[in-house]
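Each protein sequence line maps, in turn, to chains W and E. For the first sequence, counting from 1, position 120 maps to 120 in UniProt numbering; every step adds exactly one. For the second sequence, counting from 1, position 189 maps to 189 in UniProt numbering; every step adds exactly one. Comments concern the structure below.
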Amino acid sequence: MKALDRKLLRDLWHMRGQALAIAVVLAAATATFVLSMGVHRSLTATRDAYYAQNLFADVFASMTRAPRSVVDRVAAVPGVARVEGSIQQYATLDFADRLAPVRALINSLDERGQSRLNRLVLRSGHLPRAGEPGDVVIDEAFAKANDLRPGATLDALIYGSKERLTVVGIGLAPDYIYALAPGDIIPDDRRFGVLWMGEKALEAATDRTEAINTLSLLLERGASEADVIRKIDAILAPYGGTGAYGRKDHVSHAFLDNELMQLEAMTRVIPPVFLLVSTFLVYIVLGRMIRTERTQIGLIKAFGYSDWAIGWHYLKFALVVAAMATVLGSAAGIWMGRAMTRLYAQYFRFPFLEYHMAPSVFLLAAGLAIGAAALGALGGMRAAVRLAPAVAMSAPPPPVYRPGLTERLGEAAGVSAIGHMILRHIARWPWRSAITVTGVALSMALLFATLQFLDSSRTMLDSFFFRAQRQDLTVTFTEPRAEQALFALAQVPGVIRVEPIRAVPVKLGNANRQERAAIESAMPQSQLTMRIDSDGQVLALPPAGLMLSRQLADKLAVRAGQRVRVELLGGRRPVQFLPVVSVVEEFIGERAYASDRTLEAIARDAAPVGAALLRIDPAQRDRILTELKAMPLVLGVSERDAALQKFEEMIDDNMVTMLVFYIGFASAIAVGVVYNSARILFSERAHELATLRVLGYHRSEVGIVLIGELALLVVLAVPVGCIMGYWLAQLMTAMFSSDLFRLPFAPSRASYGWAALVVLGAGMLTALVVARRVLHLDMVRVLKGRD
Amino acid sequence: MDTAAPPLAFSGTDLRKVYQTGETEVHALRGVDLAIPAGEIVVLLGPSGSGKSTLLNIIGGLDRTTSGTLFYRDLDLAAMDDKALTRFRRANVGFIFQFYNLIPSLTAIENVRLVTDIAEHPMDPAQALALVGLQDRQHHYPAQLSGGEQQRVAVARAVAKQPGVLLCDEPTGALDSATGIRVLETLARANRELGTTVVIITHNAGIAAMAHRVFHFLDGRIARIEVNAAPVDPAGISW
């Protein structure tokens, strides 16, 4: 080994604490990068393979009822590669020991027990047998949640008639990676399941011999989705078609896409923060190292080493740190990626969900780490290269302090001599001080932005469950003509209030923009559902015209006062133009609202009742649920409390895991920054501190010089961190919002407080650890030599 | 003078100091008996490594003996823990070093104030600077002062607390003769006007002329003590 490399190794060992602190921050960058990029790639690869192998369709359409022959007409549309017609039917399952009805969505499988598109993956058991109408395959998550195995029987109410079903298999399909019951905002595997049944059996059970109500199709490569959809809509219009749609409007696909989008956002926001801090750290540490080694540099140059050799020597220091970070960060990233993948497996139903890492992810991560470290090393390298040997070998001139702003401020505030030492040192090294403040502030910002997600979710929950939705139960019906059901519901003892929710599916358009949505109405004096604005105001439904949610208005690029094109889906397709009267700031979904009268005018008829909202006497809940279960028209009942609980569980599961990671990350930054600043400070001031000890200052008093400066910088970082955090959290909520959820930016004061507390705590503990070195100051030796 | 022995500032018997460096033991002091009368100027002379600095550090409370007894007046320095030694330094000792050891981020007067802030009966910092002739350079930073001026600030800092003893390790080692003599004059003045006991380590045998007593060190022992009946004024020292 060359002598210079040996020096490098010794330097690294000598500065192991500082090198490790930088490596940890840089490793956090690598880890988050490997984590999010790795999971993103794994998830995308898994999804794409699953879609391809099981022929996930490109376009979907549903209708009231169409003859099977319509499949051939659709297949003849140019651009359509393959079509599948099937039946989808909602049903209620009666679990004897369960109060609330369980909802199921039954899909038909063709006569060979297999489908041409959205193919079922059998996990255990077998497919429904011909001639065994009760055979069903159930989805895996539902099976697990309800502890159902092949051989189990289910009592179902399908299309008004009771059927006994036998579970013969457990499976999965690419169109139900994420399965959501109608009207729900979060999956509930115990109360909602997907079933597959033989085509003939389902035809018979739903009185749809040789008829279908659902179409899926694959497009030919290069075919225009919009063109195909227009042609299919025309074909299906006479059969009550509700408008074909592409993958982007498919619930399962959209939720998965949303998750991928969030992972991508994470890759773009989090690692850069760590990389920036790492660059700063390398810059200050290497800068200090080169200042202390200037005589050595001069000597080595005098021996005949080239400038380049010296520069390369110090660059290697940064590269070794980057290499350590890559190894450390990749290991952590893989470990966290596994944990996150397991978390995904709970919410997304894949037949295989493998966390496999592409080598390119590691290479990219290593590249970023090396780039960040090398960038930080440039300043120091330049200084080392520029040092002339003769100049370098003489002692450095003493640091020059000049009276400035701190003097005037200090004098005015009656600052002590020690106070002046602290203030002037900060002013003497403004860049390093700024870097310390920025680094600590960034760690606080990151933590704050994460905590803000909790606030944001809670605000969303509060707005949705406590302000907008005030019903205890939501009842969905097996068919839309449920007017008489409302009266029946009102008669149930214990039911205090019943309000219908009417909804008609429409296509809204503005210029060349078009969105599918349902226009909902509520009773004029509704007490159970309200439209709440972002500032908590209740917005009344406009007597005429529409109210759009912010998300929908943005997508259509309309403002209040403009008109939108409203095209009724299903049956006749009259096109009307209606004014947008108001825009409501809602967080979940894209919604449109209108008064009952407006909705009737749009539908040219009494709009169908989609659901009923109930307020009940909580004491009679069990009895009410039992009675609802017995009503043939009732498809399902969602309890607000159960949904709320489910939502909170999800937040707890995901967010708490995430929070633990981020508290760790933020602390790592704060510790890394403060540790390095403290070590540099200590090495620069060891001489002065020893002098103070000689003059009769106690250790604790001397420690103040060190701790005081660090404390001042860390405290200064708090307001900066609040501002940066505010900005970062806003950026992140914007980047994490999607078609499905719009995250409110709603930071709580507690989040500022906690973020500040964690960072202050981590920073000050680190400073104290370094300050303990004051204990071992060798006064005699320090004073003997000059520096 | 001969009738009653003068009170002693420092008294010690059989002082020994052993440093453990790696596997070898270095005997820095090999049994020193010490008697430094209060109010005198004592010069320690001797070759490098003979134990002068070790003794100075020990009597200044910067270091401890390995064995032996050591008193400052009636304070038992050998029995003191770190805290007590710090209090001792704070109350009684002023140090002056070859390389000044000023705090570069503090002005001249602030460097002095560093000491007066924690002393029991300090002088006014401005007065201390006036004592060394630097009343006009109070607000200059060390980097803006010459070597001699910096050392005089160090002297002002040392005398400002009105210490019982001034311990000086090569105070003129980095200075030219004219500047060196000015510094020594300040030390003599403190001794004369404030009654401060002054202990000076030097390689410059000429300085011995200003001392009441000269301790000659050799191999960790005091080989010889010279009593100077008529100490000369520093101005008369041949450099």
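Backbone N, C-alpha and C define an ideal beta-carbon position, used for all residues, glycine too. All values derive from a computational prediction rather than experimental measurement.
_Alpha-carbon to alpha-carbon, residue 90 (chain E) and residue 198 (chain E)_ = 16 Å
*Taking only beta-carbon positions, decide if residue 196 (chain E) is within less than 8 Å of chain W.*
no
_Helix, strand or coil, according to DSSP, for residue 95 (chain W) in the structure here?_
coil
*For residue 164 (chain E), collect the residues of the same chain with a Cβ closer than 6 Å to its Cβ; drop the 5 residues on either side in sequence, then sort them by chain order.*
92
*What does residue 428 (chain W) reach in chain E if we use C-beta pairs closer than 8 Å?*
105
*asked:* Give me, in chain order, the residues of the same chain whose beta-carbon lies closer than 8 Å to that of residue 751 (chain W); leave out the 5 immediate sequence neighbours on both sides.
replied: 448, 451, 452, 454 and 455
*Output the boundary residues of the beta strand (DSSP E) element that contains residue 493 (chain W).*
From DSSP, residue 493 (chain W) is part of no beta strand (DSSP E); its letter is neither H nor E.
_Cutoff 8 Å: residue 786 (chain W) Cβ touching any chain E Cβ_ = Bear in mind that the predicted position of residue 786 (chain W) carries a pLDDT of just 46, short of 50, making it too unreliable to give a figure here.
*Give me the Cα-Cα distance between residue 35 (chain W) and residue 738 (chain W), rounded to the nearest whole angstrom.*
21 Å
*Hey, residue 391 (chain W) and residue 673 (chain W): beta-carbon distance below 8 Å or not?*
no
*By Cβ distance below 8 Å, which residues in the same chain neighbour residue 228 (chain E) in space, the five residues on each side in sequence not counted?*
208, 209, 211, 212, 213 and 214
*Secondary structure of residue 4 (chain W), DSSP reduced to three states*: helix
*Fully enclosed by the UniProt domain "ABC3 transporter permease C-terminal" (661-777) of chain W, which alpha helix (DSSP H) runs are 4 residues long or longer?*
699-736 and 749-771
*Quick one: list the residues of chain E neighbouring residue 417 (chain W), beta-carbon separation under 7 Å, in chain order.*
106, 110, 113, 114 and 117
*What does DSSP give as the partner residues of residue 197 (chain W) in its beta bridges?*
W:108 and W:136
*Looking at the C-beta of residue 664 (chain W), does it have a partner C-beta in chain E at a distance below 8 Å?*
no
*What are the boundary residues of the beta strand (DSSP E) that residue 213 (chain W) is part of?*
211-219
*Proximal chain E residues relative to residue 650 (chain W), where beta-carbon distance stays under 9 Å*: Residues of chain E passing the Cβ test: none, with the nearest at roughly 55 Å.
*What is the residue span of the alpha helix (DSSP H) that residue 122 (chain W) lies within?*
Counting along the chain, residue 122 (chain W) falls outside any alpha helix (DSSP H), though it belongs to the beta strand (DSSP E) covering 121-125.
_Whole-angstrom distance between residue 224 (chain E) and residue 31 (chain E), CA atom to CA atom_ = 14 Å
*Tell me residue 67 (chain E)'s beta-bridge partners as DSSP assigns them.*
E:16
*Can you give me the Cβ contacts of residue 546 (chain W) inside the same chain, cut-off strictly under 6 Å, excluding the 5 residues immediately before and after it?*
578, 580, 592 and 594
*residue 517 (chain W): buried (16+ other C-beta within 10 angstroms of its C-beta) or exposed?*
buried
_Give me the DSSP bridge partner(s) of residue 637 (chain W)._
W:475
*Given a limit of 7 Å on CB to CB distance, which residues of the segment 40-68 of chain E reach chain W?*
57, 62 and 63
*Examine chain E for any beta-carbon lying closer than 8 Å to the beta-carbon of residue 261 (chain W), and answer yes or no.*
no
*If you draw a straight line from the alpha carbon of residue 418 (chain W) to that of residue 695 (chain W), how long is it in whole angstroms?*
13 Å
_I'd like to know if residue 83 (chain E) contacts chain A, where contact means its C-beta is closer than 8 Å to some C-beta of that chain._
The structure shown contains no chain A; its protein chains are W and E.
*How about residue 776 (chain W): is its C-beta nearer than 8 Å to some C-beta of chain E?*
no
*Where residue 25 (chain E) sits in the DSSP three-state scheme*: strand
*Evaluate residue 84 (chain W) with the Cβ neighbour count: other Cβ atoms within 10 Å of its Cβ, from every protein chain shown; 16 or more gives buried, anything less gives exposed.*
buried
*Give me the Cα-Cα distance between residue 635 (chain W) and residue 181 (chain W), rounded to the nearest whole angstrom.*
11 Å
*So the beta strand (DSSP E) residue 579 (chain W) belongs to, where does it begin and stop?*
575-584
*If we cut at 8 Å on Cβ distances, does residue 288 (chain W) have a partner in chain E?*
no
*Could you pull the start and end residues of the alpha helix (DSSP H) that residue 264 (chain W) belongs to?*
251-292
_What does the Cβ neighbour count give for residue 507 (chain W), buried or exposed, with the cut at 16 atoms within 10 Å?_
buried
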